[in-house]
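A.B. asks: Numbering (the working numbering), first residue to last: 34 to 259. By construction, the Cβ of each residue, glycine as well, lies at the ideal position given by its N, Cα and C atoms. Every value quoted in this text rests on a predicted model; they were computed, and no experiment measured them. The following block contains the structure, expressed as structure tokens.
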């Protein structure tokens with residue numbers, strides 16, 4: 034009887050985890066869909082922002098992105114606020130990605146954009162399969178990720194403020210490595226966590242990593258700042 038109960042408990046636990054992982058990736062796919070809509074609206078939004086905010090339009094957009102990211106992180110467990118916040122963040126991120134893609138395309142054509150998109154998908158699939166197949170705990174990457182993200186964030190700000198094109202490419206390389214490590218870490222954490230009540234939070238973390246990888250690869254392959 035105890036063996037049967039243990040088997041049933043393990044089976045129910047496996048079903049719950051499978052449902053949780055499915056929910057995370059459904060949220061993630063929804064975020065990609067909303068970001069695609071944001072990217073399509075980028076030309077109109079960019080024009081409107083330039084007319085309203087002048088030369089500070091990109092900082093306004095960046096501030097909105099950062100603010101909605103903090104909001105989405107804070108309310109990830111609160112329905113329906115988590116859906117609203119997630120949609121706002123992914124839509125604004127899509128707008129920024131669309132504007133950057135257009136800037137890269139003006140200087141180097143759309144080939145770098147498509148290559149960055151394909152490479153981002155390859156990184157995502159490779160690291161996801163690695164986490165699923167190995168079943169390892171990649172939390173040992175924590176310190177590396179924290180340092181890498183800090184360098185990426187402050188380095189990107191410095192490169193944007195002082196127009197340091199070569200330094201920007203270096204920071205983009207750091208961002209690809211750091212965000213790839215974070216993607217592996219977050220996927221591993223998703224598969225090992227005992228808290229199955231925050232699929233939106235995990236989806237948000239995965240989206241942010243993939244977004245930064247895509248933007249950084251566009252910058253590297255395009256070879257120029259927007």
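1) Helix, strand or coil for residue 155 per DSSP?
2) Take residue 217 and list the residues in its own chain whose beta-carbon comes closer than 7 Å to its own, dropping the five residues that flank it on each side.
3) Going by the beta-carbon positions, is the gap between residue 72 and residue 131 smaller than 8 Å?
4) Would you tell me roughly how many angstroms separate the C-alpha atoms of residue 246 and residue 47, rounded to the nearest one?
5) Tell me which residues share the same chain as residue 167 and place their Cβ nearer than 8 Å to its Cβ, disregarding the 5 neighbours each side in the sequence.
6) Between residue 109 and residue 68, is the Cβ-Cβ spacing less than 8 Å?
7) Can you give the beta carbon distance from residue 82 to residue 153, rounded, assuming they're within the 8 Å contact cut?
8) Start and end of the alpha helix (DSSP H) containing residue 206?
9) Determine the DSSP secondary structure at residue 195, reduced to helix, strand or coil.
10) Sorted by chain position, which residues of the same chain lie with C-beta nearer than 7 Å to residue 190's C-beta, five sequence neighbours on each side aside?
11) Taking DSSP as the reference, what is the three-state secondary structure of residue 56?
12) Which first and last residues belong to the alpha helix (DSSP H) in which residue 174 is found?
C.D. replies: On the basis of the data shown:
1) helix
2) 160, 163, 164, 171 and 174
3) yes
4) 31 Å
5) none
6) no
7) The pair is not a contact, with the Cβ atoms about 25 Å apart (cut-off 8 Å).
8) 198 to 225
9) helix
10) none
11) helix
12) First-last for residue 174: undefined, no H or E at that position.
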